[in-house]
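Counting along the sequence shown from 1, when you hit position 138 you're at 138 in the UniProt record's numbering, and nothing is skipped either side.
Scroll down for the structure; my scribbles are underneath it.
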Amino acid sequence: MIFDFSIFVQQLFSTDYLKGALLSVAVAVLALVLATVIGFFAALGRTSTKAYLRGPAKAYVWFFRAIPALLVLLIMWNALPQLVPALRQDWFTPFIAAFIGLGIVEAAFMAEIIRSALSSVDDGQALAARALGMTPAKVMVKVVLPQAVRIALPPTGNELIGLVKYSSLASVISLRELLTTAQVGVNITFRYAEYYAAAIIYYLVIVTLLTLVQGWVERKFAWTSARAPKTVRARTAVPAGKGGLS
């Protein structure tokens with residue numbers, strides 16, 4: 001077959017592809033949010049001195065790093081409803097199963113990212129904050145997390161891009177995301193090149209936009225970090241002629 005450019009353009013601007021692309025992004029974003037929440041507590045458990053917290057956190061990371069995401073999705077959609085009657089209701093859709101399944105798997109990797117970011121913050125800063133009377137919760141929120149977030153941002157952005165691509169695995173549980181939309185058109189017309197080429201363009205656009213957003217957020221945090229010391233020095237400097245050096 002000769003590549004039919006008109007079919008390619010028609011699919012490129014079709015509402016089905018747009019809906020599929022938005023669904024892929026939604027699954028990826030929600031999965032990352034869920035993974036970040038679970039991963040944060042798993043990271044705290046892994047860095048804890050208490051064995052009853054450290055053990056389960058390590059087991060979680062070990063288990064879900066070893067299990068393929070595709071297998072987790074199949075379990076979420078096919079196996080769990082057989083064991084849990086509440087999941088047989090209409091509210092449990094492929095979309096919910098997809099972002100929960102991917103989020104659970106991704107949480108194991110986010111736990112390692114967050115753990116590394118938390119460990120990179122000097123312990124002396126937390127000790128100094130505690131000496132000033134801060135509670136452990138305030139130390140975490142006001143001292144440790146602002147610095148850890150800046151370190152965790154680049155790998156987290158990469159994980160989000162990866163999740164956009166992994167969302168295509170949800171086609172096995174009947175979620176009509178971007179790749180499934182292309183596959184449905186291929187099954188009807190057998191025009192592989194045109195339909196897959198349109199999907200490639202959408203993936204390229206999505207990843208490019210996410211990369212630009214990631215770069216902007218990283219620069220924002222770097223800008224704040226780079227200028228904060230100057231602001232502090234400006235506020236604490238002694239004016240010349242009032243005990244300071246001119």
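All C-beta atoms in this analysis are idealised placements derived from N, C-alpha and C, irrespective of residue type, glycine included.
Worksheet item: Within this structure, are the beta carbons of A69 and L23 separated by less than 9 Å?
Response: Using a Cβ distance threshold of 9 Å, A69 and L23 do not count as a contacting pair.
Item to complete: Scan the stretch 142-194 and note each continuous alpha helix (DSSP H) run of 4 residues or more that stays entirely inside, going in chain order.
Response: Complete alpha helix (DSSP H) runs here, min 4: 145-166 and 178-189.
Discussion item. Determine whether the beta carbon atoms of G157 and T211 lie at a separation below 9 Å.
Written reply: G157 places its beta carbon less than 9 Å from that of T211.
Worksheet item: Candidates L18, F3 and M1: which alpha carbon is nearest T180's?
Response: Nearest neighbour of T180 by Cα position, chosen from L18, F3 and M1, turns out to be L18.
Worksheet item: Out of curiosity, what's the CA-to-CA distance linking R46 and P94?
Response: So the two alpha carbons sit approximately 32 Å from each other.
Discussion item. Need the endpoints of the alpha helix (DSSP H) that K19 sits in, please.
Written reply: In this chain, the alpha helix (DSSP H) harbouring K19 covers T15 to T47.
Fill in: When P56, A222 and E159 are compared against A35, the one with the closest alpha-carbon
For A35, the nearest C-alpha among the options comes from E159.
Item to complete: Would you mind sorting V205 into buried or exposed? The rule is 16 or more other CB atoms within 10 Å of its CB.
Response: When all chains shown are included, V205 counts as exposed.
Worksheet item: Roughly how many angstroms separate the alpha carbons of D123 and R130, rounded to a whole number?
Response: In this structure, the alpha-carbon of D123 lies about 11 Å from that of R130.
Worksheet item: A111 and F40: beta carbons closer than 9 Å?
Response: It is a contact, given that the beta carbons lie within the stated cut-off.
Worksheet item: Buried or exposed: M76, going by 16 or more other Cβ atoms within 10 Å of its Cβ?
Response: By the 10 Å Cβ count, M76 comes out buried.
Worksheet item: Span of the alpha helix (DSSP H) holding V72?
Response: A69 to L74 is the span of the alpha helix (DSSP H), which, as asked, contains V72.
Discussion item. Going by DSSP in three states, D123 sits in which element: helix, strand or coil?
Written reply: In the three-state DSSP reduction, D123 falls in the helix class (H, G or I).
Discussion item. Measuring straight from C-alpha to C-alpha, what distance separates F3 and Q147?
Written reply: Answer to the nearest angstrom: the Cα atoms are 51 Å apart.
Item to complete: Pull up the CB-CB distance for I7 and E194, whole angstroms please, since I reckon it's below 8 Å.
Response: Rounded, the Cβ-Cβ distance is 4 Å, consistent with contact.
Worksheet item: Is the number of C-beta pairs between the stretch 24-32 and the stretch 167-180 that are closer than 8 Å three or more?
Response: Taking 8 Å as the limit for Cβ pairs, the verdict is that the stretch 167-180 does touch the stretch 24-32.
Worksheet item: With distances taken between CB atoms, is the gap from A126 to V143 smaller than 9 Å?
Response: The answer is yes: Cβ separation under 9 Å.
Fill in: Closest by C-alpha distance to V121, when choosing among G133, V139, E218 and L132
Closest by alpha carbon: V139.
Worksheet item: With distances taken from CA atoms, which of Q11, I173 and R150 is nearest G215?
Response: G215 has its Cα closest to that of R150, out of Q11, I173 and R150.
Fill in: Delimiting residues of the alpha helix (DSSP H) encompassing I7
I7 -> alpha helix (DSSP H) spans F5 to L12.
Practice prompt. Leaving out five residues on either side along the sequence, give the residues of the same chain with a beta carbon under 6 Å from the beta carbon of A107.
Written response: Excluding residues within five positions, the ones whose Cβ falls inside 6 Å are A35, I38 and G39.
Discussion item. Assuming the contact rule is C-beta atoms closer than 8 Å, V72 and V105 should be a hit. Round their C-beta distance to whole Å, please.
Written reply: Right, their Cβ atoms sit about 5 Å apart.
Worksheet item: Is it true that the CB of Y196 sits closer than 9 Å to the CB of A182?
Response: In this structure, A182 places its C-beta atom within 9 Å of the C-beta atom of Y196.
Fill in: Where I100 falls, given that 16 or more other Cβ within 10 Å makes a residue buried
Burial state of I100 is buried, judged by a 10 Å Cβ sphere holding 16 or more other Cβ atoms.
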